[in-house]
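What follows is a short report on a single structure.
In full-length UniProt numbering, the protein residues as written are 1 to 145.
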């Protein structure tokens with residue numbers, strides 16, 4: 001099952017702006033000047049910036065403090081909630097109607113109910129770097145079979 005449409009729209013509003021901020025701060029791809037340009041630059045580039053973000057979650061606080069995109073207080077709160085992200089490798093245990101069940105690779109094993117942003121999880125193979133917001137865990141890196 002996918003997240004509610006409004007949650008997906010919010011994610012795709014906030015996440016690209018945050019990634020472009022990280023891109024500019026670290027000068028990973030200096031020729032890319034906008035969030036939209038980064039978003040459409042290809043999976044490899046977006047992944048590289050996203051991985052830089054997850055290596056330093058202080059960018060979340062910095063982005064919200066400066067608020068270069070002019071997000072609302074509620075939207076900034078959503079971004080700050082991503083500091084609670086669950087990162088790592090997961091096993092897909094089972095797909096249910098409401099969500100897919102993921103098990104952590106690390107012990108002690110933890111269980112998570114995961115919603116998809118777009119594609120049904122039972123139709124894709126994925127490597128996961130979890131994003132947390134609004135009480136949901138979402139897939140942020142996917143590979144179609």
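By construction, the Cβ of each residue, glycine as well, lies at the ideal position given by its N, Cα and C atoms.
Per DSSP, reduced to three states, the secondary structure at residue 102 is strand. Contact between residue 32 and residue 41 holds, with the beta-carbon distance rounding to 6 Å and staying under 8 Å. Residue 99 and residue 92 have their C-alpha atoms spaced approximately 11 Å apart. The C-beta separation of residue 2 from residue 81 comes to about 19 Å, leaving the pair out of contact by the 8 Å criterion.
The C-alpha of residue 112 lies about 27 Å from the C-alpha of residue 17.
Linking residue 8 to residue 108 through their CA atoms gives a straight-line distance of about 31 Å. Setting aside the 5 residues that flank it on each side, residue 101 is surrounded in the same chain by 93, 94, 111, 113, each with a C-beta closer than 7 Å to its C-beta; the list follows chain order. Taking C-beta separations shorter than 7 Å and ignoring five residues to either side along the sequence, the partners of residue 88 in its chain run 104, 105, 106, following chain order.
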